[in-house]
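Undergrad:
Chains as they are written, first to last, in our numbering: chain A, 66 to 1056; chain B, 4 to 215.
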């Protein structure tokens, strides 16, 4: 069937042009510095290595010791994984997890499918947070003035100081991130009782304060509603990247996905208004670009239109009509931390009757509770010298506040400053005392993420150092010596009668809470007043040249995990840049001021300035410049040493420098913390910077000079609109020309025939699968230089394609991994049969046979094979503890690629055999499939007609990438269906 | 032929012969590197399988309890030994002798080592720090091979099939060479117990059955 194929491109520079206009190429990957060729040193190294290799080959097999337990713990069998339910707090919104423990070490986190909030999804940050447990640069001892001390000394000193401060009448301030743990709240209450001058201030590293403040004005209570994307048929999001980083992306992705089930013949519509290109914008059915100042205008007009007043803007009218049509089933959200805008959004939702339908204010979310005005008052207090003690936990004000260094200086004048972080972050530098806290995997914790639902965190490994939790430290200082577990458990014993009304005994309640990882409890109803309208002045439109937008990227977030090598090497889903933050500018604006991708520009505002590499970002609003926060973090200096050590190595960061640069000083603190709309100027510095793109290579596209005339564009991404889909479910799915095969039909899969399908309609590009794959399969981190040399090792990559012109750009994501072709082109070219087909349809890579000719990678049309140029030792030996013992750590000189988690397939078969039961569909979940919050990946047996995979393969939307090559992949894709009118969306016709 | 080259060539032959000779002295039988057949290391405790598994007829999986449900069969923790040795403190022969001679048996030095590992004396008093016993692993497969006991035990493969008749060994010895060819000798056969699913035997010969 002839189909219609859009023109896709991977970067602005690579965008196809009709005329002769030709954009300069991306900074050439060949720009990697060439150092002197083969030096004397390297020659000696090589010969020395060969000699050593020869000697070891001759030596006797080493004696291996086996050391059993002395006393057998009841639940541990050596070599067998045990699973514990817990909650990871790495992404602040709190992903419920199952922790896989092997021989006492947690080695993998997986989403807890029973949990009502995250429903089995798991974000990239939570997945990756596991390696931070094995970070040898953590602080493992309490410290006084930077010197190691024991707890007794610290406790003694702190208690004396706290008493002194209290008796002097000075304030003791507990500055924490959002506290949603009932037991910690209780401890803080007790602390406040003991130390009468104590106050508790909450501050989030990314502030949602305006939403809470607006609700206080409208409903009389500072609450963060629970947004129900599963109940909304129309979602209008104004700069809220709710699928990527806003509030609780995993939960929202799960919810959003529920209303996008194409079989239901009715899907929700997502309208995104934004200035940058976010992954929510990429998923949007309709996307409108606005600069921050235009956005304020837009919200105001939208409110006017919803209130029934006449407005000029046609788009606003159209959106208002649509929203009104779906009264009570629509949802307007805004990620702008501005109380005026949030008040308008509240008024719109109220008018549309969405309150209590698509946003729950009676059982609100408790994920964020920070307050900008409290932080401002703390700064005022500090300036007036009224603060005698400052205890900082779970937040990093010196980094996250625009005037952070000033805040640091103010801290110096406080009598007692305590940091509870186990990382040497920016705030740590200004604290006298360090009382290092625990990693989530080492601690007891309870979190009430949504009112009435307790998520439990339990320790799955004994703390490595002397650390103890913030809760424990506070308790000790008020004279409570209970251990970590009892501090949480005894709180629940205390409130058991009032909060748990299920008729269970406490022991049963507690055991279920720890076993399941969550429990429903009753909560006192919150008294909200009825909607009090506020008068909102018309925003004054000020077009002030270039406006800055600071955002959280889905992988780096607020920068709490900047020291995490996995997250640093995870490319940004949209820019595809790893190991850097960039200043994204719209191509139009960039060209008008003569900036190319890779130029270092200086962003200035008043006396502040920061140098960042520029990137021309398709789909970005003109006159805006967007920069991700979370970079330039202290602690990233360690990445100087990451990556293989060889004579041409270029360090990921120069000695003493950080990864990327911090944009935080550019935020404005004017009542509330403002992340967008700051006027800036841009200057060229004349310097250039190598950006580690992971999309400029591994291209599936035919090179222009060799592309056949019949198929100039390869239809690897196939998409359609919902209108077209309703008429013909196979719309957009381009099936290739019939091919004559030279392969005989003698390869029959008698038992299982494994296959996978990815639903492009569901995929949001969150990149959680990439980290899931990396953790499961011991995929190494290689460092920026190696990524620049096109030698990244990711088994699963996420290709991102642009289509469209100007600011009206669509983004398509396509996860790409080994397609396990039945007629695999890699197999016949291997001279040593190191890659062969299995009897179950898998393309196997046999590491011990591979001699490293790399013919297979050369012959792979999907470019998914990865070669080990080095033995990638971890820069931190302790990090080796995270390795999966069921998967070989590949050595230098061998090829590797997606194995379809063969270890999981095998383990499931072994277990089925032990139980004497046949394998059921769903028994095997691949690492990528398990972590996907959008349920976009399905794996199963193609020979089983009832399996989910068979149903997907039989779907009209199903296609194979590069079908015309007749490689017969077992991995397929389902077309991307956008909920929009068919008009004008199709590109060139292909016959 | 060039004289110099000829000289070099003969030197090489001599060298190879010398290396061959040295290697044949080192091992009584010639093994390719990595093959540990006939490996019989001395263990820290002179534990006899011949006595426990042979004469006493203790089931293999009483001690190696991981075999059915885990990748590793496991070496029994000291606590498992103590299930019996809390009451049995002397060797089998010594008990018999002492019985005949009507005297108190002399406690075994080897059994004392189990107590010592638990930081105890044989009368149950504390002797010092605990120290796990460092056994020498006899059966090793290379790192690039994934071997799991679980499917083998559940398929009804007899332990002796791979480990030899340990009921006759006072010290455990590796009787098979554990090479891939040896593995495949079984994997190629159509076992009756393995006929659960079609294509099963083919699957057992896939590379990815063991290498991942």
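Glycine included, C-beta positions come from ideal geometry on N, C-alpha and C.
On a predicted model such as this, the values are computed, not experimentally measured, just so you know.
Determine the DSSP secondary structure at residue 511(A), reduced to helix, strand or coil.
TA: Within the first chain, numbered from 1, the residue matching residue 511(A) stands at position 446. Correct three-state label for residue 511(A): strand.
Undergrad: Check whether the Cβ of residue 989(A) lies closer than 6 Å to any heavy atom of the ligand GDP, and answer yes or no.
TA: Ligands in the displayed structure: none, and consequently the ligand GDP is not present.
Undergrad: Of all Cβ atoms in chain B, is any one closer than 7 Å to the Cβ of residue 293(A)?
TA: Residue numbering aside, residue 293(A) sits at position 228 when the first chain is read from its first letter. False, the Cβ-Cβ gap to chain B never drops below 7 Å.
Undergrad: Find the residues of chain A that neighbour residue 203(B), judging by a C-beta separation of less than 8 Å, and give them in chain order.
TA: As a first step, residue 203(B) is located in the second chain; it is residue number 200 there, counting from the start. Those within 8 Å of residue 203(B) in chain A are 816.
Undergrad: What distance in whole Å lies between the Cβ atoms of residue 899(A) and residue 915(A), which are believed to be in contact at a cut-off of 8 Å?
TA: The sequence position of residue 915(A) within the first chain is 850, counting from 1. The sequence position of residue 899(A) within the first chain is 834, counting from 1. Rounded to the nearest angstrom, the Cβ distance from residue 915(A) to residue 899(A) is 4 Å, consistent with a contact under 8 Å.
Undergrad: Just to confirm the assignment: which complete beta strand (DSSP E) runs, minimum length 3, are found wholly within the region 430-504 of chain A?
TA: Qualifying beta strand (DSSP E) stretches, in chain order: 452-458, 481-484.
Undergrad: Quick one: what does DSSP say residue 655(A) is sitting in, helix, strand or coil?
TA: Here residue 655(A) refers to the residue found at position 590 when the first chain is read from its first residue. Residue state, collapsed to three classes: helix.
Undergrad: With DSSP run on the structure shown, which of helix, strand or coil describes residue 711(A)?
TA: As a working mapping, residue 711(A) is identified with position 646 in the first chain. If DSSP states are grouped into helix, strand and coil, residue 711(A) belongs with coil.
Undergrad: Using the Cβ count rule (16 or more neighbours within 10 Å means buried), how would you classify residue 711(A)?
TA: On the first chain, position 646 is the one that residue 711(A) refers to. Exposed, since its Cβ has fewer than 16 Cβ neighbours within 10 Å.
Undergrad: With burial defined as no fewer than 16 other Cβ atoms inside 10 Å of the residue's Cβ, what is the status of residue 342(A): buried or exposed?
TA: As a first step, residue 342(A) must be located in the first chain, where it is residue number 277. Per the 10 Å Cβ criterion, buried.
Undergrad: When the Cα atoms are used, what is the spatial distance from residue 384(A) to residue 375(A)?
TA: One-based indexing of the first chain puts residue 384(A) at position 319. One-based indexing of the first chain puts residue 375(A) at position 310. Cα to Cα, residue 384(A) sits roughly 13 Å from residue 375(A).
Undergrad: Exposed or buried, residue 140(A), counting other C-beta atoms within 10 Å across all chains shown (16 or more means buried)?
TA: For the purposes of this step, residue 140(A) is identified with residue 75 of the first chain, where counting begins at 1. Per the 10 Å Cβ criterion, exposed.
Undergrad: Residue 356(A) to residue 700(A), Cα distance in whole Å?
TA: For the purposes of this step, residue 356(A) is identified with residue 291 of the first chain, where counting begins at 1. For the purposes of this step, residue 700(A) is identified with residue 635 of the first chain, where counting begins at 1. Taking the straight line from one Cα to the other gives about 34 Å.
Undergrad: Any C-beta of chain B sitting closer than 7 Å to the C-beta of residue 1036(A)?
TA: Along the first chain, read from residue 1 onward, the residue named residue 1036(A) stands at position 971. Cβ-Cβ to chain B under 7 Å: no for residue 1036(A).
Undergrad: Does any CB atom of chain B fall closer than 7 Å to the CB of residue 74(A)?
TA: For the purposes of this step, residue 74(A) is taken as the residue at position 9 of the first chain. Not one chain B Cβ lies under 7 Å of residue 74(A).
Undergrad: Which of helix, strand or coil does DSSP assign to residue 174(B)?
TA: Here the question's residue 174(B) lines up with position 171 in the second chain. Here residue 174(B) sits in coil by DSSP.
Undergrad: Going along the chain, which residues of its own chain have a beta-carbon closer than 7 Å to the beta-carbon of residue 881(A), five neighbours each way excluded?
TA: Taking the first residue of the first chain as position 1, residue 881(A) is located at position 816. Within the same chain, residue 881(A) has close Cβ partners 862, 864, 927, 929.
Undergrad: What does the Cβ neighbour count give for residue 9(B), buried or exposed, with the cut at 16 atoms within 10 Å?
TA: For this step, residue 9(B) is matched to residue 6 along the second chain. So residue 9(B) counts as exposed.
Undergrad: Bridge partners of residue 869(A), per DSSP?
TA: Taking the first chain and counting its residues from 1, one reaches residue 869(A) at position 804. Its beta-bridge partners are 874(A).
Undergrad: By the criterion of Cβ-Cβ separation under 8 Å, what are the contact partners of residue 65(B) in chain A?
TA: Numbered from 1 along the second chain, position 62 holds the residue referred to as residue 65(B). Going along chain A, no residue has its Cβ under 8 Å from residue 65(B), so there is no contact; the nearest lies around 13 Å.
Undergrad: Taking 7 Å as the CB-CB limit, is residue 140(B) close to chain A?
TA: If you number the second chain from 1, residue 140(B) lands on position 137. Yes, its Cβ sits closer than 7 Å to a Cβ of chain A.
Undergrad: Which partner residues does residue 386(A) have in the DSSP bridge list?
TA: Here the question's residue 386(A) lines up with position 321 in the first chain. BP columns for residue 386(A) are empty, so no partner.
Undergrad: Give me the Cα-Cα distance between residue 248(A) and residue 551(A), rounded to the nearest whole angstrom.
TA: Counting from 1 along the first chain, the entry for residue 248(A) is found at position 183. Counting from 1 along the first chain, the entry for residue 551(A) is found at position 486. Taking the straight line from one Cα to the other gives about 10 Å.
Undergrad: Okay, do the region 387-397 of chain A and the region 263-277 of chain A touch, 3+ Cβ pairs below 8 Å being the bar?
TA: no
Undergrad: Return the CA-CA distance between residue 957(A) and residue 811(A), expressed in angstroms with no decimal places.
TA: On the first chain, residue 957(A) is found 892 positions in, with the first residue counted as 1. On the first chain, residue 811(A) is found 746 positions in, with the first residue counted as 1. Cα to Cα, residue 957(A) sits roughly 36 Å from residue 811(A).
Undergrad: Looking at C-beta atoms only, is the number of pairs between the region 504-512 of chain A and the region 473-480 of chain A that lie closer than 8 Å three or more?
TA: no
Undergrad: Taking the straight line between their C-alpha atoms, what separation do you get for residue 590(A) and residue 757(A)?
TA: Residue 590(A) sits at position 525 when you count from the first residue of the first chain. Residue 757(A) sits at position 692 when you count from the first residue of the first chain. Cα-Cα distance, rounded: 51 Å.
Undergrad: Answer with yes or no whether the minimum CB distance from residue 84(A) to chain B is below 7 Å.
TA: Taking the first residue of the first chain as position 1, residue 84(A) is located at position 19. Low confidence applies here, because residue 84(A) scores a pLDDT of 43, under 50, leaving its location unreliable; read the following figure in that light. No, residue 84(A) lies away from the interface with chain B (no Cβ there is under 7 Å from its Cβ).
Undergrad: With DSSP run on the structure shown, which of helix, strand or coil describes residue 76(B)?
TA: In the second chain, residue 76(B) corresponds to position 73, counting from 1. Three-state result, residue 76(B): coil.
Undergrad: Is the beta carbon of residue 133(B) less than 7 Å from the beta carbon of residue 56(B)?
TA: Here residue 133(B) refers to the residue found at position 130 of the second chain. Here residue 56(B) refers to the residue found at position 53 of the second chain. Contact: no.
Undergrad: For the region 940-953 of chain A, which residues have a beta carbon sitting closer than 9 Å to at least one beta carbon of chain B?
TA: 950, 951, 952, 953
Undergrad: Determine, for residue 1012(A), whether the minimum Cβ-Cβ distance to residues of chain B falls below 7 Å.
TA: The residue you call residue 1012(A) lines up with position 947 of the first chain. Chain B contact via Cβ: absent.
Undergrad: Under 9 Å Cβ-Cβ, which residues of chain A neighbour residue 158(B)?
TA: Position 155 of the second chain holds residue 158(B). Those are 978, listed as they occur along chain A.
Undergrad: Return the Cβ separation of residue 253(A) and residue 239(A) in integer angstroms, given the expectation that the two are a contact with Cβ distance under 8 Å.
TA: Stepping through the first chain from its first residue, residue 253(A) is reached at position 188. Stepping through the first chain from its first residue, residue 239(A) is reached at position 174. Rounded, the Cβ-Cβ distance is 6 Å, consistent with contact.
Undergrad: Across which residues does DSSP place residue 819(A) in a beta bridge pair?
TA: Numbered from its first residue, the first chain carries residue 819(A) at position 754. According to DSSP, which records beta bridges pairwise, residue 819(A) is partnered with 1006(A).
Undergrad: Could you list which residues in chain B have their beta carbon closer than 9 Å to that of residue 128(A), in chain order?
TA: Indexing the first chain from 1 puts residue 128(A) at position 63. 44, 139, 140, listed in chain order.
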